[in-house]
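Undergrad: Structure in structure tokens, see below.
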Amino acid sequence: MWKFIIPFGLFVVLAAFLYVGLQRDPSYIPSPLIGKAAPEFSLPSLQDAAYPVSSADLKGRVWVFNVWGTWCGGCRQEHAVLVEIAKQNVVPLIGLDWKDDNAAAQQWLRELGNPYAAVASDSEGRVAIDWGVYGAPETFLIGPDGTVLYTHIAPMTMEVWAKEFLPRIEAAKSGKGGQT
Amino acid sequence: MTRILRALLLALTLAWAGGALAIDTERAFDDPALQARYDSITRELRCLVCQNETIADSNATLAGDLRREVREMIAAGQTDDQIRDFMIARYGDFVLYRPRMTRMNFLLWAAPVLLLVLGAFAVVRVVRRRAAEAALEPEGPEGGQS
Chain S
1 MWKFIIPFGL
11 FVVLAAFLYV
21 GLQRDPSYIP
31 SPLIGKAAPE
41 FSLPSLQDAA
51 YPVSSADLKG
61 RVWVFNVWGT
71 WCGGCRQEHA
81 VLVEIAKQNV
91 VPLIGLDWKD
101 DNAAAQQWLR
111 ELGNPYAAVA
121 SDSEGRVAID
131 WGVYGAPETF
141 LIGPDGTVLY
151 THIAPMTMEV
161 WAKEFLPRIE
171 AAKSGKGGQT
Chain Y
1001 MTRILRALLL
1011 ALTLAWAGGA
1021 LAIDTERAFD
1031 DPALQARYDS
1041 ITRELRCLVC
1051 QNETIADSNA
1061 TLAGDLRREV
1071 REMIAAGQTD
1081 DQIRDFMIAR
1091 YGDFVLYRPR
1101 MTRMNFLLWA
1111 APVLLLVLGA
1121 FAVVRVVRRR
1131 AAEAALEPEG
1141 PEGGQS
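Encoded structure:
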């Protein structure tokens, strides 16, 4: 009797693992940043290099950090969604223009609309490395205590925004209200 | 004679082509010891944009930035472990081509030993049972045949 049950059981376990494996996206790498302190940065603003965009100014607020570039196809794809999200006026959207040409990026925002409260210009790509960015567009949600609450590594969609971001934003905001 | 020459020519061409394939051709350091460290580290860090290449092999922009980061960290006197930790903190264990043993993948590392022990256990059991059967056979009621 066991002669059949054991191999069959092993087969079921293996099949279950393979089945789950089929559903997963091998290019998705979970960010080790979730639950950790968001890396600090201070970079010149895209619009005016004299004016710095700094993470320290966002302390105590829930904010969204979006990494993009004019060279990035997925960023063009998601841009209309970001504009839509900015209209909701739930959280400030901070952009990181990653290894980009400033003039081209300014042109892009004039043409497609500017959803960002501020855009930091990371022409050397150092801040992107600190945030573990490997494929734009990437979008991070940062809590009032400066921890990374969620990351989305793909073009933003309204579905992802409503399902993954909004509930976490609500929780972060009410959590902050409850503590103080 | 011409055959040998031809073979030699082919070998030389191939050898030269191999050199042309290298992406990171610029030497990072004049000091050969530092250059050796640089070479070995960049060859065991994964480029996350093009997942099956190391950052030494990839011509992706991010790989170039990460090579610059490694170069600067070596120049600043950081150890190989510090550089690896820097990368793991940002990109996770996946950047390492030589994975570490962690709580998450402990079972994977232990699997060969576990399977060996399990197999040995099974063999011992089967051998013992057969030995017991063989010992019993001549006295068994159906042992008359031999």
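So the protein sequences, as listed, match chains S and Y. According to my numbering, the residues represented by the first sequence are 1 to 180, in order. According to my numbering, the residues represented by the second sequence are 1001 to 1146, in order. All C-beta atoms, glycine included, are put in the ideal place defined by N, C-alpha and C.
Please compile the residues from chain Y whose C-beta is within a distance smaller than 8 Å of the C-beta of G125/S.
TA: In the first sequence, residue 125/S corresponds to position 125, counting from 1. The contacting residues are T1061, L1062, D1065.
Undergrad: Kindly indicate which three-state DSSP category E233/S falls into: helix, strand or coil?
TA: In the structure as shown, chain S starts at 1 and stops at 180, and residue 233/S therefore has no counterpart that could be examined.
Undergrad: If you measure beta-carbon to beta-carbon, which residues of the region 1094 to 1113 of chain Y are closer than 7 Å to chain S?
TA: Under the 7 Å Cβ criterion, the region 1094 to 1113 of chain Y contributes F1094.
Undergrad: If I measure Cβ to Cβ from V90/S and keep anything under 8 Å in the same chain, skipping five residues before and after, which residues do I get?
TA: Numbered from 1 along the first sequence, position 90 holds the residue referred to as residue 90/S. If we look at V90/S and ignore the five residues flanking it on each side, its Cβ neighbours are L166, I169.
Undergrad: Which of helix, strand or coil does DSSP assign to G113/S?
TA: Indexing the first sequence from 1 puts residue 113/S at position 113. If DSSP states are grouped into helix, strand and coil, G113/S belongs with coil.
Undergrad: Starting from W63/S, follow the beta strand (DSSP E) in both directions and report where the run begins and ends.
TA: Here residue 63/S refers to the residue found at position 63 of the first sequence. From DSSP, the beta strand (DSSP E) with W63/S extends over 63 to 68.
Undergrad: Just to confirm, is the Cβ distance from V81/S to M156/S under 8 Å?
TA: Here residue 81/S refers to the residue found at position 81 of the first sequence. Here residue 156/S refers to the residue found at position 156 of the first sequence. Yes, these two residues count as a Cβ contact at 8 Å.
Undergrad: Which residues mark the beginning and the end of the beta strand (DSSP E) in which V53/S is found?
TA: Here residue 53/S corresponds to residue number 53 of the first sequence, with the count starting at 1. Where V53/S is concerned, the enclosing beta strand (DSSP E) stretches over 52 to 54.
Undergrad: Do A136/S and W68/S come within 8 Å of each other at the CB atom, strictly closer than that value?
TA: The residue you call residue 68/S lines up with position 68 of the first sequence. The residue you call residue 136/S lines up with position 136 of the first sequence. Their beta carbons are under 8 Å apart, which means W68/S touches A136/S by this criterion.
Undergrad: For the candidate residues A50/S, L58/S, I94/S, whose alpha-carbon lies nearest to that of D145/S?
TA: Start at 1 with the first residue of the first sequence, and residue 145/S comes out as number 145. Among A50/S, L58/S, I94/S, the Cα nearest to that of D145/S is on L58/S.
Undergrad: So is F140/S buried or exposed if we call it buried at 16+ other beta carbons inside 10 Å?
TA: One-based indexing of the first sequence puts residue 140/S at position 140. Buried is the call here.
Undergrad: Is the beta carbon of V64/S less than 8 Å from the beta carbon of L33/S?
TA: Along the first sequence, one-based indexing puts residue 64/S at 64. Along the first sequence, one-based indexing puts residue 33/S at 33. Taking 8 Å as the Cβ cut-off, V64/S and L33/S do not qualify as a contacting pair.
Undergrad: Give the secondary structure of I233/S by DSSP, where H, G and I count as helix, E and B as strand, and everything else as coil.
TA: Here chain S covers residues 1 to 180 and nothing more, so residue 233/S does not appear.
Undergrad: Residues of the region 90 to 101 of chain S with a CB closer than 7 Å to any CB of chain Y: list them in chain order, please.
TA: K99
Undergrad: Would you tell me roughly how many angstroms separate the C-alpha atoms of R1068/Y and A1033/Y, rounded to the nearest one?
TA: For the purposes of this step, residue 1068/Y is identified with residue 68 of the second sequence, where counting begins at 1. For the purposes of this step, residue 1033/Y is identified with residue 33 of the second sequence, where counting begins at 1. Each residue's Cα considered, the two are about 18 Å apart.
Undergrad: Give every residue of the same chain whose Cβ lies closer than 8 Å to the Cβ of L1096/Y, excluding the five residues on either side of it in the sequence, and list them in chain order.
TA: To locate residue 1096/Y, count along the second sequence from 1; it is residue 96. Hits under 8 Å: E1044, L1045, R1046, R1084, M1087, I1088.
Undergrad: Taking buried to mean at least 16 other C-beta atoms within 10 Å of its own C-beta, is R1090/Y buried or exposed?
TA: The residue you call residue 1090/Y lines up with position 90 of the second sequence. Counting of Cβ neighbours within 10 angstroms places R1090/Y among the buried residues, the total reaching 16 or more.
Undergrad: Pop quiz: L1062/Y and V1070/Y are said to be a contact at Cβ under 8 Å. What is the actual Cβ separation, rounded to whole angstroms?
TA: For this step, residue 1062/Y is matched to residue 62 along the second sequence. For this step, residue 1070/Y is matched to residue 70 along the second sequence. 13 Å between Cβ atoms; not a contact.
Undergrad: Does P7/S pass the burial test, meaning 16 or more other C-beta atoms within 10 Å, or should it be called exposed?
TA: As a position in the first sequence, residue 7/S is number 7, starting the count at 1. Exposed is the call here.
Undergrad: Check each candidate in R1130/Y, V1113/Y, I1041/Y and name the one with the smallest Cα separation from Q1082/Y.
TA: For the purposes of this step, residue 1082/Y is identified with residue 82 of the second sequence, where counting begins at 1. With distances taken between Cα atoms, Q1082/Y lies closest to I1041/Y.
Undergrad: Please compile the residues from chain Y whose C-beta is within a distance smaller than 7 Å of the C-beta of G135/S.
TA: In the first sequence, the residue the question calls residue 135/S occupies position 135. Those within 7 Å of G135/S in chain Y are V1049.
Undergrad: So, does the CB of D130/S fall closer than 8 Å to a CB anywhere in chain Y?
TA: Taking the first residue of the first sequence as 1, we reach residue 130/S at position 130. Cβ-Cβ to chain Y under 8 Å: yes for D130/S.
Undergrad: Using the Cα positions of S1146/Y and V1126/Y, report the straight-line distance between them to the nearest angstrom.
TA: Here residue 1146/Y refers to the residue found at position 146 when the second sequence is read from its first residue. Here residue 1126/Y refers to the residue found at position 126 when the second sequence is read from its first residue. The predicted model places S1146/Y with a pLDDT of 49, which falls under 50 and marks its position as unreliable; any figure quoted below should be read in that light. Cα-Cα distance, rounded: 23 Å.
Undergrad: Could you tell me whether any Cβ in chain S is nearer than 8 Å to the Cβ of Y1038/Y?
TA: Within the second sequence, residue 1038/Y is the residue found at index 38, counting from 1. Judged by the 8 Å Cβ criterion, Y1038/Y is not in contact with chain S.
Undergrad: With C-beta atoms as the reference, is Q107/S less than 8 Å away from Q47/S?
TA: Start at 1 with the first residue of the first sequence, and residue 107/S comes out as number 107. Start at 1 with the first residue of the first sequence, and residue 47/S comes out as number 47. No, the pair does not count as a contact, with Cβ atoms beyond the cut-off.
Undergrad: Which of the residues in the region 29 to 48 of chain S, read from start to end, lie with their CB under 9 Å from any CB of chain Y?
TA: So the list reads I29, P30, S31, P32, L33, K36, P39, given in the order they occur along the chain.
Undergrad: Name, in chain order, the residues that DSSP records as bridge partners for E78/S.
TA: The sequence position of residue 78/S within the first sequence is 78, counting from 1. The partner list for E78/S (beta bridge, DSSP) is empty, contrary to what the question assumes.
Undergrad: Within 8 Å of any Cβ in chain S, is that where the Cβ of A1089/Y sits?
TA: The residue labelled residue 1089/Y in the question sits at position 89 within the second sequence. Judged by the 8 Å Cβ criterion, A1089/Y is in contact with chain S.
Undergrad: Comparing alpha-carbon positions, which option in K99/S, A15/S, P115/S lies nearest Y43/S?
TA: As a position in the first sequence, residue 43/S is number 43, starting the count at 1. First, the amino acid is wrong: residue 43/S is Leu here, not Tyr. When only C-alpha atoms are compared, the closest one is K99/S.
Undergrad: Have a look at T1079/Y, D1039/Y, E1072/Y and flag the residue whose alpha-carbon is nearest the alpha-carbon of D1057/Y.
TA: For the purposes of this step, residue 1057/Y is identified with residue 57 of the second sequence, where counting begins at 1. Minimum Cα distance to D1057/Y is reached at D1039/Y.
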